[in-house]
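Colleague:
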Amino acid sequence: MKIKNILFLLALALPALVLTSCQSEEDDAFNESSSLRLQQAMNEAKNVLRSAQYGWVMDYYIGDDQQYGGRAMTVKFDSLTCTVASESMPQECTSYYKMSTDQGPVLTFDTYNEVLHELSTPSSTNYEGYHADFEFVVESATPELVVLRGKRIGNYAYLHPLTEAPLDYLAKVNAMRDSIYVATADGMIGSDSVSASFDYDSRTVTFNYTNNSVDEQVPVAFTYTDSGIRLYDDVDVNGTTLSEFAYNGNGMTFSGINAGANNFAMIGSVPDDYVSFEKFAGNYRLLYYVPGNNNDMVESTIDVTLTPSEDGTSYNMSGLNPNFEVVLHFNRQAGRLEWNTQAVGQQGSNIIWLNAMNWASGGNLFPAYTGCGMVTVWNGDSENPVYNWVTNSDVNLTTDSFCFWLTDSSGQSLGQFTEWGVNGYVLMLNITSMTKLN
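For the sequence shown, the positions run -24 to -1, 1 to 414 when mature numbering (1 follows the signal peptide of the UniProt record, and there is no 0) is used.
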């Protein structure tokens, strides 16, 4: 009886064993096929990356949702290493890279590269870095265009083949970057008006137009090219796709150069009181006030020198105190200098600030908050320029003065710093103007 039961159970089990065996063989075949496909895709992507004679220009976007815009980088691949340069560091640096698979080909710049990791590496002044990727999924790869997607931040990077040596291309990019300074631009697509406003700090252009009686406002990040700018995303304006523009500085004109937009152009403009970057260089007399003996204020002046930065984004103002120089940021779209709260030194592990303040309201300030400050307004006289200092647009504080302040390394306020001063005073009250001397 037991033997019959055993035989019966074996008879039932045989088909299941056969089915299990077949399924195992099919899974092995599928896994092998999938693995081979991934390997093939990885090899094809690597071959494309290595195929460009001069390498690639990479439109490299940084920050969450491209909040810091794009940077032009060049990268040339061989079998093991890549050579990288960028508009901000136009020098070539070579390091290793690797290709792997993870539901598709993955490109990883896995050894430190001074150029490539400049924006992704935290620093003492930017502890989070600029949220830039160095590991990418290869979305597509052809000799004309490689599309990468960052694995951590998720921004796309676009690789276009170079037609000249990388450093020659980057020199043209930097020249183009320095030549574009329009605040707004206007054009027409058919009977529809299109305007654009530029923010060069975030490298963002915002397009304004009407679509089916609805007002549209579309901000999009951009990267400088050797001939103009290229957008992160295409912008569709009533059937016309905008993605890349050539810039002509003589007429301040942006002309569409992508297919379908060749007949579209925007004419740029700047504010009437715009001052170009190079005109700020020179020696000045700074007018401000210091505390008097009877709770009043006494007029004071000090001579300062403004020296331009190499990258055309700021000036260093020297002469206030031998221990530091003040960085004045150049607002490219407004043609103004910006003097904001900033760290100017250290005392041990503590940080010394030249801090914006509202003296008129009793000395209110926000320690170490760098959004507050002042901006220049030109008097309109090219022969005898005077730049008046007025508060910036930050809603938290109306700035009219500066003082020295101390915080610990975490930003905790430690009070007024009295060991440094300007002309013997720790307060610079009612900062009024800068008159150019030469």
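Ideal placement from N, C-alpha and C gives every residue a C-beta, glycine not left out.
Entirely within the stretch 128 to 209 and at least 3 residues each: give me those beta strand (DSSP E) ranges in chain order.
Modeller: Listed in chain order, they are 132 to 137, 160 to 165, 168 to 175, 180 to 187 and 190 to 200.
Colleague: Excluding the 5 residues preceding and the 5 following residue 453 in the sequence, name in chain order all residues of the same chain whose CB lies nearer than 7 Å to its CB.
Modeller: This structure cannot speak to residue 453, because the chain is shown only from -24 to 414.
Colleague: So Phe112 and Arg125 are in contact, right, with Cβ under 8 Å, and what is the actual spacing, rounded?
Modeller: 6 Å
Colleague: Kindly indicate the opening and closing residues of the beta strand (DSSP E) around Gln323.
Modeller: Gln318 to Gln323
Colleague: So Phe198 packs on Tyr208, CB below 8 Å; how close in whole Å?
Modeller: 7 Å
Colleague: For the beta strand (DSSP E) that Tyr345 lies in, which residues bound it at each end?
Modeller: Counting along the chain, Tyr345 falls outside any beta strand (DSSP E), and DSSP gives it neither H nor E.
Colleague: Just grab the DSSP bridge partners of Phe112 for me.
Modeller: Partner(s): Leu83 and Gly126.
Colleague: From Ala61 to Pro142, what does the alpha carbon distance come to, in whole angstroms?
Modeller: Going by C-alpha positions, Ala61 is about 7 Å away from Pro142.
Colleague: Quick one: is Val398 buried, meaning 16 or more other Cβ sit within 10 Å of its Cβ, or exposed?
Modeller: buried
Colleague: Who does Thr367 pair with in a DSSP beta bridge?
Modeller: Met350
Colleague: Considering Met333, what are the terminal residues of the beta strand (DSSP E) in which it resides?
Modeller: Asn326 to Met333
Colleague: Using C-beta distances below 7 Å, list every residue in its chain close to Met350, excluding the 5 sequence neighbours before and after it, in chain order.
Modeller: For Met350, where only same-chain residues beyond five positions count, the Cβ hits under 7 Å are Trp315, Trp365, Val366, Thr367, Asn368, Thr375 and Ile407.
Colleague: Could you name the residues that DSSP lists as bridge partners for Asn19?
Modeller: Its beta-bridge partners do not exist; DSSP assigns none.
Colleague: Going by DSSP in three states, Glu254 sits in which element: helix, strand or coil?
Modeller: Residue state, collapsed to three classes: helix.
Colleague: Just to confirm my understanding: we take Gly268, look at its own chain, exclude 5 residues before and 5 after, and list those with CB closer than 6 Å. What are they?
Modeller: Val274
Colleague: Identify whether Ala241 lies in helix, strand or coil by the three-state DSSP scheme.
Modeller: strand
Colleague: Taking the continuous beta strand (DSSP E) assigned at Arg47, which residues delimit it?
Modeller: Gly46 to Phe53
Colleague: Just mark Asp202 as buried or exposed, buried being the case when its beta carbon has 16 or more other beta carbons within 10 Å.
Modeller: Residue environment: Asp202 is assigned as buried (16 or more neighbouring CB atoms within 10 Å of its CB, all protein chains considered).
Colleague: Output yes or no for whether 7 Å exceeds the beta carbon distance between Tyr363 and Thr352.
Modeller: yes
Colleague: Go ahead and label Ser290 buried or exposed: buried means 16 or more other beta carbons lie within 10 angstroms of its beta carbon, across all protein chains shown.
Modeller: With 16 or more Cβ atoms within 10 Å of its Cβ, Ser290 is classed as buried.
Colleague: By DSSP, does Arg308 sit in helix, in strand, or in coil?
Modeller: coil
Colleague: If you count every other CB in all the chains shown that lies within 10 Å of the CB of Ser377, and 16 or more means buried, which is it?
Modeller: buried
Colleague: So, does the stretch 157 to 173 touch the stretch 213 to 220, judging by three or more C-beta pairs under 8 Å?
Modeller: yes
Colleague: May I ask you to report which of helix, strand or coil DSSP gives Val24?
Modeller: In this structure, Val24 counts as helix in the three-state DSSP scheme.
Colleague: Distance, Cα to Cα, Ala257 vs Pro284?
Modeller: 6 Å
Colleague: Who are Pro284's beta bridge partners in DSSP?
Modeller: DSSP lists Tyr291 as the bridge partner or partners of Pro284.
Colleague: Could you tell me the distance, in whole angstroms, from the CA atom of Phe306 to the CA atom of Asp54?
Modeller: 40 Å
Colleague: Which of helix, strand or coil does DSSP assign to Gln29?
Modeller: coil
Colleague: Is the Cβ-Cβ distance between Tyr72 and Thr84 less than 7 Å?
Modeller: With respect to Thr84, Tyr72 sits apart: the two C-beta atoms are not nearer than 7 Å.
Colleague: DSSP on Gln392, reduced to helix/strand/coil?
Modeller: strand
Colleague: Less than 7 Å between the beta carbons of Gly232 and Phe240, yes or no?
Modeller: Yes; because the gap between Cβ atoms is below 7 Å, this pair is in contact.
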